[in-house]
């Protein structure tokens, strides 16, 4: 039974003072009250909606540390720096720490000093860290950017699928999952993977009236590059992001823009860590006109004055598009979200989707190999993961994803060793297990088609996007390119369009 704590008016006043908050935004108070009452919760708040405040405020009053699972090391550092400025104790556990720094972090945690502990999901696969956190106790388990569970967990970061086991190992503290976007299916997947089926859900929708959506259709790469150059020369009021699907495209486009005299940075996962950090710092300091980046850049970056986000090619889904486009205009002032649409761009995303999930034969191989290893060894002791990886001759990530599905089905229990709990109840259950990722692949193909249709639709773009997330707008937005016929062929005066409609902007920065 989770311990319930009261969120009082006095608590709120103290939290505002410590965190430098003038007022709570919609949804924040409801989520804070839920977790203080010992309830599980899922918060779907628009980008810039202040998700971090939903766990940083309770951290000041709960008896034990709040554990925050974060996808990016740079995001952890950013949060820790801000909390240190407020004299709030926070530490982190990730792969960048030196041996000395890691020992210091462990000692601080063992002594109960940090109010917040930031970790990557991969760290929670380590039984030693779980034992440490279990002994010191955790008051709240937070999953920041929770859509990564559904988007990344089944693919290249299977550690997300092990969070359910980590929660269980820590004595089942209340869970708070936070994200900016989630369709009903993604929200259901988050609740399923975290085993929080009765979580209180706070969903504020995606509609942001200061964000102006546009699509510019291009017939070839030459025209697309020319249109991008024109956009960057027209957007003189601030810095922006240009998203591309591949590392090669990021390098080529970055070089082209610099040759044209545009001050551009670049960011992708193949760059050296030091070079990525330099790009990020220059970006935060407004030293560029734009940064050309893959999806590795932007998640959780707290830059509120981004004036435009351009997608140089079609992204893989509406979820991805809204997440990335939503990074513009977090300060509440007008901002542009522009898609350079070309039909042939579908091929790149289709290629990525082709190898994303385990195939049926791979799932079958892992299951049969595990069964054999258990029979050859000791079923009571179990099988080490690495033994299964070696015997199956599949990548470690592939095996982890399949084992996570077996765990979710109740066939296998993860831990230091893999143990079998039961056999499949019937042939139908075994068939569903084998077909799970075939169905996910089909769903991804459909999501790509929906994104392609976004580039072709003549209806209000905000209404189209909202409909995808099962939200209903009472009227058209009135300021996307389709609502203002011909807007894609000229510079949109967003400042004029937003005159007398400027939203109130809080000073908290959360």
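Residue numbers (this note's numbering): 2 to 511.
Where a beta carbon is used, it is the ideal one built from N, C-alpha and C, also for glycine.
Taking just the CA atoms, how far does residue 83 sit from residue 373?
-> 51 Å
For residue 356, does the count of other Cβ atoms within 10 angstroms reach 16, so buried, or fall short, so exposed?
-> exposed
According to DSSP, what are the bridge partners of residue 93?
-> 119
Residues near residue 422 in its chain [Cβ-Cβ closer than 7 Å; skip 5 each side] = 411, 412, 413 and 414
Extent of the continuous beta strand (DSSP E) to which residue 291 belongs | 291-294
Ordered along the chain, which non-local residues of its own chain (more than five positions away) have a Cβ less than 6 Å from that of residue 445?
-> 354
Are there 16 or more other CB atoms within 10 angstroms of the CB of residue 285, so buried, or fewer, so exposed?
-> For residue 285, the number of other beta carbons within 10 angstroms of its own is below 16, and it is reported as exposed.
C-beta atoms of residue 150 and residue 80 nearer than 8 Å = no
Can you name, in chain order, every residue of its own chain whose Cβ lies under 8 Å from the Cβ of residue 436, other than the five neighbours on each side?
-> 361
Integer-rounded CB distance, given that residue 135 should sit under 8 Å from residue 171 | 5 Å
How would you label residue 464, buried or exposed, when you count the other beta carbons within 10 angstroms and need 16 or more for buried?
-> Within 10 angstroms of the beta-carbon of residue 464 lie 16 or more other beta-carbons, which makes it buried.
Neighbourhood of residue 124 by C-beta distance below 7 Å, restricted to the same chain and skipping five residues each side | Apart from the 5 residues on each side of it in sequence, residue 124 sits with its Cβ closer than 7 Å to the Cβ of 94, 95 and 130 in its chain, given in chain order.
In the structure shown, what three-state DSSP assignment does residue 470 receive?
-> coil
Any 3 or more C-beta pairs closer than 8 Å across the segment 57-73 and the segment 207-222 | no
For residue 78, which residues from the same chain have a beta carbon less than 8 Å from its beta carbon, with the 5 sequence-adjacent residues on both sides left out?
-> If we look at residue 78 and ignore the five residues flanking it on each side, its Cβ neighbours are 93.
Specify whether the segment 203-216 and the segment 331-346 touch according to this definition: at least 3 beta carbon pairs, one from each stretch, less than 8 Å apart.
-> yes
Segment contact flag, the segment 398-410 with the segment 323-335, C-beta cutoff 8 Å, min 3 pairs | Here the segment 398-410 makes no contact with the segment 323-335; the two share fewer than three CB pairs at distances below 8 Å.
Between residue 34 and residue 8, is the Cβ-Cβ spacing less than 8 Å?
-> yes
Residue 309 by DSSP, collapsed to three states: which one?
-> strand
So does the segment 269-286 actually touch the segment 363-372, counting three or more Cβ pairs closer than 8 Å?
-> No, the segment 269-286 does not touch the segment 363-372.
Go ahead and label residue 438 buried or exposed: buried means 16 or more other beta carbons lie within 10 angstroms of its beta carbon, across all protein chains shown.
-> The residue in question, residue 438, is buried, as its Cβ has 16 or more Cβ neighbours within 10 Å.
If you scan the segment 240-283 from start to end, which runs of the beta strand (DSSP E) of 3 or more residues do you find wholly inside it?
-> 241-244 and 265-268
Residue burial classification, residue 235 (beta-carbon count within 10 angstroms, cutoff 16) = exposed
Report yes if the CB atom of residue 265 is closer than 8 Å to the CB atom of residue 227, and no otherwise.
-> no
Between 26, 206 and 64, which lies nearest to residue 473 when the distance is taken from Cα to Cα?
-> A check of alpha carbon separations from residue 473 across 26, 206 and 64 identifies 206 as the nearest.
To the nearest whole angstrom, what separates the beta carbons of residue 137 and residue 66, a pair I think is in contact under 8 Å?
-> 7 Å
Pick helix, strand or coil for residue 489, following the three-state DSSP scheme.
-> Confidence is the limiting factor: at residue 489 the pLDDT is only 41, short of 50, which leaves the residue's position unreliable, though a coordinate-based value still follows. It is helical.
By a C-beta neighbour count over all protein chains shown, 10 Å radius and 16 as the cutoff for buried, is residue 274 buried or exposed?
-> exposed
In chain order, what residues of the same chain have a beta carbon less than 6 Å from the beta carbon of residue 71, not counting five sequence neighbours either side?
-> 77, 119 and 145
Put residue 215 into one of helix, strand or coil per three-state DSSP.
-> Under the three-state reduction of DSSP, residue 215 is assigned to strand.
Assuming residue 314 contacts residue 270 (C-beta within less than 8 Å), just tell me the rounded distance between them.
-> Actually they are not in contact, since the Cβ atoms of residue 314 and residue 270 sit about 17 Å apart, beyond 8 Å.
Could you tell me which of 238, 159, 417 and 455 sits nearest to residue 382, measuring between CA atoms?
-> 417
Alpha carbon to alpha carbon, how far is residue 311 from residue 448? Give it in angstroms, no decimals.
-> 20 Å
Chain-order list of residues whose beta-carbon lies under 7 Å from that of residue 388 (same chain, five-residue window excluded) | 374
Same chain only: Cβ atoms within 6 Å of residue 201, ignoring 5 sequence neighbours per side | 35, 40 and 42
Indicate the three-state DSSP secondary structure (helix, strand or coil) for residue 414 in the structure shown.
-> Reduced to three states, the DSSP call for residue 414 is strand.
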